[in-house]
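**Student:**
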Amino acid sequence: MEKRLNGKRLSKASRSGFINYGIVIAAFALIQILLVVQKLLGVTLVSNSLQSLLVPTCCYIVMAVSLNLTVGILGELSLGHAGFMSLGAFSGIVASFLLADVIPFAPLRLALSMIVGAAFGAVGGVIVGVPVLRLQGDYLAIVTLAFGQIIKNIIMVLYVGVDEKGFHIAASSERFNLAEDGTAIIKGPMGAVGVTKLASFTAGFVLILITLVVVQNLVNSRSGRAIMALRDNRIAAESVGINTTKYKLMAFVTSAALAGAAGALFGLNYSSTVASKFDFNASILVLVFVVLGGLGSIRGSIIAAALLYVLPELLRQFGDIADYRMLVYAIVLILVMLATNNDQLKALVGRIIPKRKGAASHG
Amino acid sequence: MLKVNDINVYYGAIHAIKGVSFEVNAGEVVTLIGANGAGKSTILNTVCGLLHSRTGSIEFLGKPLGGTPAHKIVEQGMAHVPEGRRIFLQMTVEENLEMGAYTQPRSTIDPNLERVYDQFPRLKERRKQIAGTLSGGEQQMLAMGRGLMSSPKLLMLDEPSMGLAPILVEQIFDIIRRLHEKGTTILLVEQNAQMALSVADRGYVLETGKIVATGTGQELLRNAAVKKAYLGG
Amino acid sequence: MADKKQFEKGKMVPVPSVSIIPERDLGTTPILECSHLGIDFGGLTAVNEFNITVGRTEIAGLIGPNGAGKTTVFNLLTKVYQPTRGTILLDGLDTHGKTPAQINRMGIARTFQNIRLFNNLSVEDNVKIGLHNQEKYSMFTGILRLPKYWRQEKAAHERALELLSIFNMEDLADHQAGSLPYGAQRRLEIVRALATNPSLLLLDEPAAGMNPSETAELMENIVKIRDTFQIAIMLIEHDMSLVMGICEGICVLNFGQIIAKGTAEEIQSNPTVIEAYLGKQQEGGAD
Amino acid sequence: MSFLNNVITGISLGSIYAIIALGYTMVYGIAKMLNFAHGDVIMVGAYVCFFAMGSFNLPPVVGVLLAVVVCTVLGMVIERLAYKPLRAAPSLAVLITAIGVSYLLQNSAQILWGAATKTFRPIVEGSLTLVPGQLSVSYVAILSVVCCVVVMVGLTLFTGQTKMGKAMRACSEDKGAAQLMGIDVNATISMTFAIGSALAALAGVLMCSAYPVLSPTTGSMPGIRAFTAAVFGGIGSVPGALLGGILLGVIETFGKAYISTDLSDAVVFAVLIIVLLVRPAGLMGKYVPEKV
Amino acid sequence: SNGNNPGGNSGGAVTIKVGGIGPITGDLAQYGTATEWGAEIAVEEINAKNGPVKLDYRFEDDTGVADTAVSAYNSLKDWAKDAPLVIYGCTTTAPCVAVASETFADRYFQLTPSASSPDVTANKDNAFQMCFTDPGQGVAAAEYLKNAGLGTKIGVIYNNGDAYSTGIANAFIAKAKEVGLEVVATQTYPDDKTTDYTVQLNACKDAGADLVFLPIYYTPASLILAQAKQMSYAPIFFGGDGMDGMLDMEGFDKSLAEGLLLMTPFNASGTDERTKSFVEKYQEAHGILPNQFAADGYDCMYAIYEACCKIDGIADMDSQKLCDALIAMFTGGDFSVDGLTGTSMKWLESGEISKAPVVVKVEGGVYVTQ
Ligand SMILES: Nc1ncnc2c1ncn2[C@@H]1O[C@H](COP(=O)(O)OP(=O)(O)OP(=O)(O)O)[C@@H](O)[C@H]1O
Ligand SMILES: Nc1ncnc2c1ncn2[C@@H]1O[C@H](COP(=O)(O)OP(=O)(O)OP(=O)(O)O)[C@@H](O)[C@H]1O
Ligand SMILES: [Mg+2]
Ligand SMILES: [Mg+2]
C-alpha cells in the first residue's frame, strides 16, 4: 500500500514537471529544426517576424512563470512585475557594457549580465517584499503598482556612463558630468541606447529551463508547501509554525530575481530600451498571461504567454483585421476569460477529458 | 406544502443527490438525517433555489419551482437558515435581522424584531455589534433569528444546533416545538438525530445521496439500523 | 446509553495554583500554567483572571456558554491575540511576545472552530506542512534536489501516512483537502496539528457537526492520541457526552470568568454550571 | 501665497481623483471587483458630453445628463455581458476581463472618434478671484469639490440607510445568503454598476472640464490614480475615497512644489507606501481582523 | 506584387515597397496616424503620376514601443519578401532607435519623418531624418531668442520622461547659458498624461520668467496655456515643432494660443498650392487638419520617390543594393527635395536634415512667419 502510494505520488508531481520540460524542449527543438531546414532549402518556414519574437517570447514566458509564483502560488496580487524586469534590463545592460572588455565571449557575458539582472531584481524584491509583509490583498497590489511606478520614474531620470575617470551615475543630465569621450549607457528618458545585442533564442530557452527548475522544484519542496499554505490560510499556516515573513519574502524575491533575469535578456535583445516600456500596462500584460493560463498552473503560464504574446503580431497578417488588431485582442481576451470560466463548458470538457482524481495538483 | 420528486443534483461531475423524493405537508416538522456528506445540505440548497436539479421537479405551495431563482422562492414564503450560518459578517446584528425581513413590508419589521429579541436576549444585548465578531454560538442564534424575521410558511433549518451550548440546544428545540405548535412548517436537518427525531412528525434517512429509510419520528428512533448508525447506540 | 464506552481517567489532585492535575503528572512541570490572563476588545472584557494549570498528559476540557470566551482563550494561548494582561507559561517557559508560529514551535498546536485547512492542497501536503519544522533542508537543497531532499521528503511522506493512519485516512492522501466531507476535514485538522509534534494540543469543538457514532469514535481517538504521544490535550466542546466522557479536569467559563473547575462529576453537579450552561439536569451526558 | 496656491491646486486636482475614486470604490465595495475599465467609462462619458455640446450645441446640463444616461446604460451592459457570467469565477478572472473591457473601450473609441486629442469645452468657465492677480479658484474646481461631497454624503446615506443600499452590502458579503433573504442579486449588482457608471460619467465631464483634453486614452491614467486614491483612503470606504482622492492631489502637488518635479511620481507613490505601512487598511478603511 | 522579381517591374514602372512603422493604437496613436496618413496622400499622388517609380505602401503599428516596432519591422520584411523595401519610420524616437539598428544590420534604407534624436542616426549610415534633431532645435531656439531679443528671464517646462522633450530642453539650456540668456526656472513633469501643470507654472511665475520655453507636444501644451491663463500668468510662450497641431485640435480655444511662438517647418494655413492641396486632401480623408507630423510624412515619400527616380538601374536592385544607392544619393551633395516642410532640403552624412528653421507666431488664430 505504502509503496504504491509512494511511487504514484512522487511520479505525479514530477510527471507534470517533466511534461513542462518536454513541451519547452520540443518547442525549442522544432523551431531549431525549422530554422536549419529553412536555411538549407531557402524556403520560408519561420517568418522574420516570428523569428524576431522568439527571444521576447522566452522573456515573457519567464515573466509569466515567475509572476505565477507570486500570484498563483503565494496568492498575492502583484501589479508591478514589470518593475523587476526593468531593474534587470537596465542593470543587465550596464553590466554587459562594463564587462565588454573583460569578457569578450558573448554567451558568458550574457550569462553574467543575466545574473546581475537577477541580483538587482532580487534586491527590488526585498525592497517591495518588506512593506508587503504588513499588507494584504488590494493594499498589497497597490504597493507593487506603486513600486513599478517609482522604478519607472527613477530610471527615467537616471544617467549612467563611463569615461576614463570611471563610472558615473546621476539623477539628472546637469549633474551628469561625463567627459566628452565617455560613453553614456543610460540616458534618462532616452534609456539605454546603442546596446550590443547579446540575447539569443538559445539563451532564452536555457533561462526558461532554469526558471522551470527553480519554480517547479521550489513548489514541490518544503518551502513551496509553506508558501502555498500561506496562500490557502495564513492563520492556519502560522498555527503550524510557518514563518510568514520568511516565506512570503522567499516567494517574492525568487519571483523578482527571475523577472530580473528575464529583463536582462530582454534588454540585451534590442539596441535600445526605455524605462517607459516597463510600465503598468506591461505588468498587466504579464498578469493576463498568468490568469489566462490558470493561477498556479506553470504549464498554463507558458502556453498563455507564448500564444498571447505572439497573437497581436500574427494578427498583422490578416489584411483588414490588422487595422483592428488591438480591438480583436481585447475581444479575444474577454471571450477567453468567459469561456474558461464557464461551468457548462468546464463540465463538457470534464466529460471529454476525465480529470485525474484528487485534483490537488499544481502542474 | 413541499413536494420533491426524483431530483438529481451534481457538483460538476460529482453526483451528489441520486433521485431523491420526499414531501413535507403543511404544519409538519420533517427531519432529514444522515451521515456527514450524505447530501442533506445539498437537498436544502436545491429546494431553495441556490442549486439546481438536473432532473425531477420541486413543488412549493402547489406551484412547480423549476428554475425559479432563489430570491423569488423566498418571496413566496420559504426561509432557509443555511449551514455554516452565513450571516453578513460586516453588518451589525440588527442590520442582519433587518435583511431577514427584506421581502416583508416595513410595518412587520419591528414586531418581528421584538419577537426575535425575546427568543434570543443575547442578540438584543449585541444589536449594534458587528456580526463577524460574535462568538460561534451567537452567530448561530443570529442566523436562526434572521430566518424567523420573515415569518416564513416553510422554514428550513440546516443543523441549527451545531456548536451551541446544551442549554441553547434545548432552547432551539423549544423554539422549533413552539413554531410547530403555531403551525409553521419546518424542514429540519440535524446531526443530533435523537433530538431531531423526537420533535419531528416524520423523518427521512439519507445515505450517500439516496433515501434509505423513512417513517415517523418515533418509528425511526426505534429502528435498529438507524439507532446503530446515527444514535451512537 | 447502556453500552457507552468508559474511558479510564486519572485521579485528579490539587496543585498549589488552585487547579487540579492528574496524579500521574505530579512531579513534572505542568505543560501549561496561566495566571491572571485576560484580554479586552475595545470596551468588552472577553476573558479575565483566567488561571489554569494543565498536567503533562492531561485531557482538559474547557466549556461554557456561547460567547463565554473559550475560543478567545485558545487564541490567547496561541498568540493569535496578544493578551492584555497575565502570563502564560508553557512547560515553564514564558511565552510573552512570541508570534503564533513561534508558539507552535514551542509546543502548542491547535485546530480551529471554523475549519482552516489548506483547501487547495492534497491531504498529504496538509500533513506535510504540519511537518514543516521537522524537515530541515534549505530552499536551495529543495531547488537543486540534493540527496538530503530525497531522504527527508521520503521520511516526511512516510510520517504523513503514519499520522493519517490514526484516523484511517491513508487512502485519502491524494484527495484535495477542501473536497473532503466535513468530518474528515475535522480529523485532518487534528492530524495536521499533531504533525507539528506538540506537547499541548488544543482542539476547538472537534465534534461539531458529527453525529453521535462519529463522536464516539472521535473520543476513542483523542484518548489514543494522548496515550501514544504522551501529550496534553485541551478541548472545547459543547457535546457533553464527549467532555464528560474523556476530560479529566474541566474548566467552565462564563462571561470571560472561570465559574467552576473540577472533574466531570463535580461539574455536572455544580448548580452554577447547570444554571448557566448545562440547563435542566442531563443524565450522564445524554445527547 | 504660493503655498495657498498649491493648496488650491492640490484640492482641485484631488477632487477630480476623488470623484473618480468614489465610483471605483462603490463598485469595489459592492461587487468586490477592481473594475479597471472604470477609467474608460469616464472617457466615454466625456466624449458623449463633448459631442453633445460641440456637435449638437446642446447646453452643458443636457450634455452631462446625456453622458450620465449613456454611461449608465453602458455600465449595465458591460456588467451583463462581461462580468455577470463570471460571478462564480475567481476575482482575478474578473480583473482580467475588466482589463479586456478597458482595451475594448479604448480601441473602440479610437476607431469611432479618432486618435487625435480634442479640446473639451468646460461645462462652467471662469474662476473666482480671491486675491486679484494672485489667488483664484476655478468654478470647475469648486463645482467638483461640491459634487464630491454631495456624492460622498449621498452614497454613504444610500448604502448605510436605505433598503437597497443595505441589500447591496449584503450582496457584497455573501451572494448566496443575500438570495436567501429574497434579494435579487443580479438586479442589485446591475444597480451598483449603474450608479458607478453614472458617477464615472459625471467624473469624466468634471475631469475634462478641469483639464480640457480628451483622447481615447484619457481615462487610463486617472483611472490608475483614482484606484490608488481609493486604496489610499481605504478601498470600499466611501468617505475614504473622498479623503484619499483629495490627499493624493495635495501630496502630488506639494511633492512637485517642495520636493522635486523630476521625481514627482516617485514621491507620490513613496508617500503612499509609507502611509499604508502605518495604516495597513488605508486611511479610513476599517481593519477588521479575521475572527479565528 | 511579384515577390521573386527584384525591382518588381510592372508596366514599365519599378515598384518600391515602402514599409511604415508608427503607433496607431495607444497613447501615441495621434502622432502615428498623422505620419501614416500624410505619407498615404503622397503615395497616392506619386502613383497617380505614372512616373518611372511606383510605391507600394504599408503601415504597421508599433504602439510606440521598441520591441513591438522591431516585430513590426520584421513583419514588413516578410511582407516585402525579396522585393526592394525601404523603411519609413518610426514615428517616435525609442522604437526608431531600435529599428534603425536592425535596418543598419540588414541593410535597409530608413527615413523617419519625426524621430528626432541624434541616436536615431548615430553610427548608422542608412538612417535619415526628415525632422530637425532635438539638440539642433534646442540650439536654434536659443539662438533665435538671443537674436530676437526676446525674454530676459526664461523658464523651461519639459517632459523629463520623454527623449524628444528632454533632448531639446537640455540643448536649449546649454546653448542659452553659452549665449548669455538667463534661465531662471527649469521644471519637469513625468509624462504627457500629466494633467496639472500649475506647480510648474507657479515656479516660473515666482522666478519672474517673462518667457516660457515649452519643448513639448501640443496636447500637454494646450493644458499649460489654459492653466496659465487661469492663474493670470501671461509670459511669452515659445515652443518647438511638437507644438504644431494645437490650433487644429477639435474644440480648441484659439485665443489661448494668441501670441504663441513656435518653430515649425509646416504651416497648414500656408497659401502655396502644394500645401493647400495637401491640406484639402487630408481633411477630406480624415476630417481633421494635417500637422507637422503628417507633412513630414508626406515629404518623406517624395524624398524616397525622387531619389529612386534618379537611381540608375534601380529595376535590378534588391533592398540592400537600393539601400546603398539611396545612401549615396542622399549624401551625394547634389540631391535635394522641395516639400511641404522646406525647400531644397538636403541631408548631411550623419543622416541629419538640413533645412531652414522657421519661427511662426500665432496671430488671430493663424501662423504668421516671423
Ligand atoms: N461545492 C461542492 N463542490 C463539490 N462537491 C460538493 C460541494 N458541496 C458538497 N459536495 C459534496 O456533495 C456531497 C453532499 O454534501 P452535503 O454538504 O450536502 O452533505 P451533508 O449531508 O449536508 O453533510 P454534513 O453533515 O457534513 O453537512 C458530499 O460528498 C460533498 O463532498
Ligand atoms: N476580535 C474580536 N472583537 C470583538 N469582540 C470579540 C472578538 N473576538 C471575540 N469577541 C467577543 O468575545 C466573546 C467571546 O468570544 P469567543 O469566540 O471566545 O466565544 P466562545 O466561548 O468560543 O463561544 P462559542 O462556543 O459560541 O464559540 C464574544 O462575545 C465575542 O463576541
Ligand atoms: Mg450539511
Ligand atoms: Mg468558540
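Chains as they are written, first to last, in our numbering: chain L, 5 to 367; chain E, 66 to 298; chain P, 113 to 399; chain C, 36 to 327; chain X, 1129 to 1498. By construction, the Cβ of each residue, glycine as well, lies at the ideal position given by its N, Cα and C atoms. All values derive from a computational prediction rather than experimental measurement.
Quick one: which unbroken alpha helix (DSSP H) runs of 4-plus residues sit fully inside the segment 114-183 of chain C? Chain order, please.
**Tutor:** Taking only runs of at least 4 residues, the alpha helix (DSSP H) segments lying wholly in the segment 114-183 of chain C are 126-148.
**Student:** Could you check where the beta strand (DSSP E) with E:H80 kicks off and where it finishes?
**Tutor:** Per DSSP, E:H80 belongs to the beta strand (DSSP E) from 79-89.
**Student:** Does chain C have any CB closer than 8 Å to the CB of X:E1378?
**Tutor:** So, interface residue.
**Student:** In chain C, what lies closer than 9 Å to E:E163 by C-beta?
**Tutor:** In chain order: K198, K201.
**Student:** Can you give me the Cβ contacts of L:R113 inside the same chain, cut-off strictly under 8 Å, excluding the 5 residues immediately before and after it?
**Tutor:** Excluding residues within five positions, the ones whose Cβ falls inside 8 Å are S100, L103, A104, I107, L202.
**Student:** Residues around ligand 4, please: the condition is that the C-beta lies closer than 7 Å to some non-hydrogen atom of it.
**Tutor:** Qualifying residues, in the order they occur: E:S200, E:G201, P:K182, P:T183, P:Q225, P:D316, P:E317, P:I348.
**Student:** Select from E:I251, E:I138, E:F153, E:K247 the residue whose C-alpha is nearest the C-alpha of E:P225.
**Tutor:** Closest option to E:P225, Cα to Cα, is E:I251.
**Student:** Going by the DSSP bridge assignment, what does P:R197 pair with across the sheet?
**Tutor:** The partner list for P:R197 (beta bridge, DSSP) reads P:G150.
**Student:** Taking L:G195 and L:A279 to be in contact with their CB atoms under 8 Å, please state how far apart those CB atoms are, rounded to whole angstroms.
**Tutor:** With a Cβ gap of about 6 Å, L:G195 and L:A279 count as contacting.
**Student:** From the DSSP output, which residues share a beta bridge with C:G269?
**Tutor:** Paired residue(s): none; C:G269 is not in a bridge.
**Student:** Within its chain, find whatever has a CB closer than 7 Å to the CB of L:V147; leave out the 5 residues flanking it on each side and keep chain order.
**Tutor:** The answer, listed in chain order, is V132, P135, V136, L139.
**Student:** When you compare the CB of C:G217 with every CB in chain E, is at least one pair closer than 8 Å?
**Tutor:** Cβ-Cβ to chain E under 8 Å: yes for C:G217.
**Student:** Please list, in chain order, all residues of the same chain as P:E170 whose beta carbon is under 7 Å from its beta carbon, the five residues on each side excluded.
**Tutor:** Cβ within range, chain order: I133, P134, D137, A344, E360, G361.
**Student:** Kindly list, in the order they appear in chain L, the residues whose Cβ is closer than 8 Å to that of P:V335.
**Tutor:** Within 8 Å Cβ-Cβ: nothing; P:V335 doesn't reach chain L, min ~23 Å.
**Student:** Please report the distance separating the alpha-carbon of L:G84 from that of C:A53.
**Tutor:** So the alpha carbons of these two residues sit roughly 23 Å apart.
**Student:** Spell out the partners DSSP gives X:V1490 in its beta bridges.
**Tutor:** In the DSSP output, where bridge partners are listed per residue, X:V1490 has X:Y1495.
**Student:** Closer than 7 Å: is that where the CB of E:T111 sits relative to any heavy atom of ligand 1?
**Tutor:** Checking the Cβ of E:T111 against ligand 1 gives no.
**Student:** Check each residue of the segment 221-233 of chain P: if its Cβ is closer than 9 Å to any Cβ of chain C, include it; give the result in chain order.
**Tutor:** Against chain C - using a Cβ distance shorter than 9 Å - the residues of the segment 221-233 of chain P are F224, Q225, N226, R228.
**Student:** Within its chain, find whatever has a CB closer than 8 Å to the CB of E:E190; leave out the 5 residues flanking it on each side and keep chain order.
**Tutor:** So no residue of the chain qualifies.
**Student:** Which runs of the beta strand (DSSP E), 3 residues or longer, sit entirely within the segment 96-146 of chain E?
**Tutor:** The segment 96-146 of chain E contains these whole beta strand (DSSP E) runs: 120-125, 143-146.
**Student:** Do L:I302 and L:G220 come within 8 Å of each other at the CB atom, strictly closer than that value?
**Tutor:** The question names Gly, but residue 220 of chain L is Gln in the sequence shown. Yes, the Cβ-Cβ distance between L:Q220 and L:I302 is below 8 Å.
**Student:** Does any residue of chain X have a CB that is nearer than 8 Å to the CB of L:G84?
**Tutor:** So, not an interface residue.
**Student:** How far does the alpha helix (DSSP H) with X:L1342 in it extend, from its first residue to its last?
**Tutor:** First-last for X:L1342: 1339-1342, but that is the beta strand (DSSP E), not the alpha helix (DSSP H).
**Student:** Run through chain X and tell me which residues come within less than 7 Å of C:D28, C-beta to C-beta.
**Tutor:** Only positions 36 to 327 of chain C appear in the structure, and residue 28 of chain C is not among them; the question remains open.
**Student:** Does the segment 216-233 of chain L touch the segment 277-294 of chain L, meaning 3 or more C-beta pairs lie closer than 8 Å?
**Tutor:** Verdict: no, contact absent.
**Student:** X:V1146 by DSSP, collapsed to three states: which one?
**Tutor:** Strand.
**Student:** Work out the CA separation of E:I232 and P:T308 for me, nearest whole Å.
**Tutor:** Taking the straight line from one Cα to the other gives about 36 Å.
**Student:** Residues of the segment 244-264 of chain E in Cβ contact with chain P at a cutoff of 7 Å, in chain order, please.
**Tutor:** Correct list: Q256, N257, A258, Q259.
**Student:** Kindly identify the DSSP beta-bridge partner or partners of X:W1475.
**Tutor:** X:W1475 pairs with X:I1481.
**Student:** Does P:V159 get closer than 8 Å to chain C when you measure Cβ to Cβ?
**Tutor:** No, P:V159 does not count as interfacial toward chain C.
**Student:** If you count every other CB in all the chains shown that lies within 10 Å of the CB of X:N1395, and 16 or more means buried, which is it?
**Tutor:** By the neighbour-count rule (16 or more Cβ atoms within 10 Å), X:N1395 is buried.
**Student:** Run the CB neighbour count on P:Q393, radius 10 Å, all protein chains shown included, and call it buried at 16 or more, exposed below.
**Tutor:** With a pLDDT of only 49 at P:Q393, under the threshold of 50, the placement of this residue in the model should not be trusted; the figure read from the coordinates follows. With fewer than 16 Cβ atoms within 10 Å of its Cβ, P:Q393 is classed as exposed.
**Student:** Measuring CA to CA, which of X:Q1358, X:A1157, X:I1174, X:A1276 is closest to X:D1189?
**Tutor:** If we check each option's Cα against that of X:D1189, X:A1157 comes out closest.
**Student:** Could you tell me which residues DSSP pairs with P:P134 in its beta bridges?
**Tutor:** Paired residues: P:M124.
**Student:** Less than 8 Å between CB atoms is the rule here; does C:V108 satisfy it with respect to chain P?
**Tutor:** No - not a single Cβ of chain P is within 8 Å of the one on C:V108.
**Student:** Note down, in chain order, every chain L residue with its Cβ under 9 Å from the Cβ of X:S1245.
**Tutor:** Under the 9 Å cutoff, chain L gives M194, V197.
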